[in-house]
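The structure under discussion appears below in the form of structure tokens.
Numbering (full-length UniProt numbering), first residue to last: 1 to 615.
What follows is the structure in structure tokens.
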């Protein structure tokens, strides 16, 4: 082992240490453990109720009116709900499942369950809406919940009936349930006398399973990630150490990210809770026709901390071009922007910085975070001085990242208090997820710039399982190429699927942006199929391919693309409900499109890089 390279981060108060290991591996760790303030989420809520009982904790829109819940009432409601859940027989082995979208009732039921050691499993809303309920059935079989909650009984009737068939009690948000035997949220808020809630709360500690989060894989049985109290609490304490302003400035957060995902449900929700902030539950979405509520909510409640996925940030950047009021409100009291969940295209990074400078005259504090469901979620984060959108930063306090050679990549593995103990009732899968040294095998690749690693940190180098070889034997880094393609094709490319496994050259399946297509074509009422056939749109795609191909060797040279007239399918596993595109699922589902992309003679829908606009 070579001598350690040590770098003290004076601005964060802890040491980042890098060591070179045998076999070309590296280890980067933050030696200082996070300064722990709370052991459980219930302690966070108790502190909030004690120090600022009248401050708004949660806010949601109900039929056009804002419903607000303050910290003091939230604690009282939490404990009453806890007694009701215990009285209904819920335990560590009989958890609670929540089917419905984000909301105050959802939040309080989850906090009440976790307060007394009952795991809660928020499940993707989409799984209850699919025609085929097999994914939901598989999750319920693995979880064996004692109670299932959905706020909208009518909208979730098929899913609720399935849960009842499988032996779970049902609670709904209706004033009066439509079926006998079902309870309402109002029934539970009354509480049950005689339940020793205080004793149960006192037994909850670091290693108590708080949540079971099911990953949205496209194949195989669903994996239930166990999320403990220590994972969530230590992660929040580490974030506060990196962002010390949180201790004195309660964060104002506007967020739509679904709570069945770790980003919205653990990072964003708990950031408000731990720091006495206010979370405005956003009813918008970064999809066509659903962004307007988000824009209005941001204007009404300007955020001090904005945490989002790249897709949402990209939609904001586009909206700033035509809505000066939104741009002013967004930056009005903004301290930081945090992006994670997928890599942020450089074009979006640059546009955010430009908008902030234009609006405030100051540089934007933009941070990129990295992690997974299994890390609750943040392992690493970029530093203020980092200027690369492909960076995933350096480890948070208490975390360590190992870079292991895997073919021609460095595979990333992680260790720290934020890492899961394993998968719900699946010891075989748990054992396979860790190496012999106890590091979690996360599946991403990274690389280091030896001259600038202290500033830029680890650079994202794609998903190990997504990368492939061309017939020439050249490896293609899908993650890196996807980012470059999105930047070259902005704003025309909404998403891309990288193709070329065992072929001569790389290609792209492109999910185009309808508004951009209409703008280029001048066909303002055209549908997507009409727009993508227009010569001006095809010429813009060809130009993007030429720009992309000028950036590097054969692994970055893209000669052909096919514009798709359909959006990614959630039901087919192509897109998650936080907007992440699953490359493998999309390739499997669109094998005919891949064949058309490479067909000879050339399919007329395919765009080549040497195509020129016809006049």
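Note that the Cβ used here is the ideal one computed from N, Cα and C, for glycine as well.
Q) Hey, how far is the Cα of residue 111 from the Cα of residue 41? A) In the chain shown, residue 111 corresponds to position 111, counting from 1. In the chain shown, residue 41 corresponds to position 41, counting from 1. Computed Cα separation, rounded: 8 Å.
Q: Let me know if residue 461 comes out buried or exposed under the rule of 16 or more other beta-carbons within 10 Å of its beta-carbon.
A: As a first step, residue 461 must be located in the chain shown, where it is residue number 461. Buried.
Q. Residue 475 by DSSP, collapsed to three states: which one?
A. Numbered from its first residue, the chain shown carries residue 475 at position 475. Correct three-state label for residue 475: strand.
Q. Which ranges would you report for the alpha helix (DSSP H) in the region 305-377 if only whole runs of at least 4 residues count?
A. Listed in chain order, the alpha helix (DSSP H) runs fully inside the region 305-377 are 310-320, 324-331 and 346-360, counting runs of at least 4 residues.
Q: Could you please give the first and the last residue of the uninterrupted beta strand (DSSP E) stretch that includes residue 121?
A: Counting from one through the chain shown, the residue named residue 121 turns up at place 121. That run of the beta strand (DSSP E) goes 120-122.
Q: May I have the straight-line CA-CA distance separating residue 82 from residue 208, to the nearest angstrom?
A: Stepping through the chain shown from its first residue, residue 82 is reached at position 82. Stepping through the chain shown from its first residue, residue 208 is reached at position 208. One C-alpha to the other measures close to 16 Å.
Q) Taking the continuous alpha helix (DSSP H) assigned at residue 294, which residues delimit it? A) Mapped onto the chain shown, residue 294 falls at position 294. Taken as a continuous stretch (DSSP letters only), the alpha helix (DSSP H) holding residue 294 covers 292-300.
Q: Within the same chain, show all residues whose beta-carbon is closer than 6 Å to that of residue 2, passing over the 5 residues directly before and after it, in chain order.
A: Numbered from 1 along the chain shown, position 2 holds the residue referred to as residue 2. Summary for residue 2: the model assigns pLDDT 42, below 50, so the residue's position carries little reliability; its value from the coordinates is reported in the next sentence. If we look at residue 2 and ignore the five residues flanking it on each side, its Cβ neighbours are 20.
Q: Name the two residues that bound the continuous alpha helix (DSSP H) containing residue 271.
A: Position 271 of the chain shown holds residue 271. First-last of the alpha helix (DSSP H) with residue 271: 269-274.
Q. What are the complete alpha helix (DSSP H) segments, minimum 4 residues, inside the region 134-163?
A. 134-143
Q | Which of helix, strand or coil DSSP assigns to residue 564 | A | Here the question's residue 564 lines up with position 564 in the chain shown. Three-state DSSP puts residue 564 in coil, outside helix and strand.
Q: Note down, one range per segment and in chain order, each beta strand (DSSP E) of at least 3 residues found wholly within the region 14-76.
A: 14-20, 26-30, 56-62 and 65-70
Q | residue 465 to residue 445 span [Cα, whole Å] | A | The count along the chain shown starts at 1 and reaches residue 465 at position 465. The count along the chain shown starts at 1 and reaches residue 445 at position 445. Cα-Cα distance, rounded: 10 Å.
Q. Would a C-beta distance cut-off of 8 Å place residue 140 and residue 163 closer than the cut-off?
A. Here residue 140 refers to the residue found at position 140 of the chain shown. Here residue 163 refers to the residue found at position 163 of the chain shown. The answer is yes: Cβ separation under 8 Å.
(Q) Quick check on residue 264: does DSSP put it in helix, strand or coil? (A) Taking the chain shown and counting its residues from 1, one reaches residue 264 at position 264. Of the three classes helix, strand and coil, the one that applies to residue 264 here is helix, per DSSP.
Q | Inter-residue Cα distance where the pair is residue 32 and residue 258 | A | On the chain shown, position 32 is the one that residue 32 refers to. On the chain shown, position 258 is the one that residue 258 refers to. Residue 32 and residue 258 have their C-alpha atoms spaced approximately 32 Å apart.
Q) Comparing alpha-carbon positions, which option in 170, 278 and 193 lies nearest residue 68? A) As a working mapping, residue 68 is identified with position 68 in the chain shown. When only C-alpha atoms are compared, the closest one is 278.
Q | Whole-angstrom distance between residue 608 and residue 533, CA atom to CA atom | A | Reading the chain shown from its first residue, position 533 is the one you call residue 533. Reading the chain shown from its first residue, position 608 is the one you call residue 608. Their Cα atoms are separated by approximately 14 Å.
Q) Does DSSP classify residue 278 as helix, strand or coil? A) Indexing the chain shown from 1 puts residue 278 at position 278. In this structure, residue 278 counts as strand in the three-state DSSP scheme.
Q. Which residue from 482, 557 and 244 puts its Cα closest to that of residue 583?
A. Within the chain shown, residue 583 is the residue found at index 583, counting from 1. Selected option, being the one with the closest Cα: 482.
Q.
I need the straight-line Cα distance from residue 563 to residue 145, nearest angstrom please.
A. Looking up residue 563 in the chain shown gives position 563. Looking up residue 145 in the chain shown gives position 145. When the Cα atoms are used, residue 563 and residue 145 turn out to be separated by approximately 43 Å.
Q. With DSSP run on the structure shown, which of helix, strand or coil describes residue 200?
A. Taking the first residue of the chain shown as 1, we reach residue 200 at position 200. Three-state DSSP puts residue 200 in a helix.
Q: Check whether the region 174-192 touches the region 399-409, taking contact to mean three or more Cβ pairs, one atom from each stretch, closer than 8 Å.
A: no
**Q.** Own chain, CB closer than 7 Å to residue 235, minus 5 neighbours either side, in chain order
**A.** Within the chain shown, residue 235 is the residue found at index 235, counting from 1. 376, 378 and 418.
Q. Can you tell me the Cα-Cα spacing of residue 580 and residue 196, whole angstroms?
A. Taking the first residue of the chain shown as 1, we reach residue 580 at position 580. Taking the first residue of the chain shown as 1, we reach residue 196 at position 196. Straight-line measurement puts the Cα of residue 196 at about 43 Å from the Cα of residue 580.
Q | Buried versus exposed call for residue 371 [16 or more other C-beta atoms within 10 Å across all chains shown] | A | Stepping through the chain shown from its first residue, residue 371 is reached at position 371. Residue 371 comes out buried.
(Q) If contact is defined by three or more beta carbon pairs under 8 Å, each pair taking one atom from either stretch, is the region 379-391 in contact with the region 178-189? (A) no
(Q) Our contact map puts residue 297 next to residue 282 with C-beta atoms below 8 Å; I'd like the distance itself, whole angstroms only. (A) Numbered from 1 along the chain shown, position 297 holds the residue referred to as residue 297. Numbered from 1 along the chain shown, position 282 holds the residue referred to as residue 282. Contact flag correct, Cβ pair sits at about 5 Å.
Q. Counting Cβ pairs closer than 8 Å, one from the region 162-178 and one from the region 116-123, do we hit at least three?
A. no
Q.
So for residue 461, helix, strand or coil by DSSP?
A. Numbered from its first residue, the chain shown carries residue 461 at position 461. In this structure, residue 461 counts as strand in the three-state DSSP scheme.
Q: Look at the Cβ atom of residue 380, then the Cβ atom of residue 441, and state whether they are nearer than 8 Å.
A: Counted from its first residue, the chain shown places residue 380 at position 380. Counted from its first residue, the chain shown places residue 441 at position 441. No, they are not a contact pair.
Q: Can you tell me which of the three DSSP states residue 501 falls into?
A: The count along the chain shown starts at 1 and reaches residue 501 at position 501. Here residue 501 sits in coil by DSSP.
Q) Any idea if residue 223 is buried or exposed, counting beta-carbon neighbours within 10 angstroms, 16 or more meaning buried? A) Residue 223 sits at position 223 when you count from the first residue of the chain shown. Burial call: buried.
Q) Name the DSSP beta bridge partners of residue 620, please? A) Since the first and last residues shown for the chain are 1 and 615, residue 620 lies out of range.
Q: Please determine, among 503, 410, 476 and 39, the residue with the shortest C-alpha to C-alpha distance to residue 24.
A: For this step, residue 24 is matched to residue 24 along the chain shown. Of the residues 503, 410, 476 and 39, the one whose Cα lies closest to the Cα of residue 24 is 410.
**Q.** Extent of the continuous beta strand (DSSP E) to which residue 440 belongs
**A.** In the chain shown, residue 440 corresponds to position 440, counting from 1. Looking at the DSSP string, the run of the beta strand (DSSP E) that includes residue 440 is 440-448.
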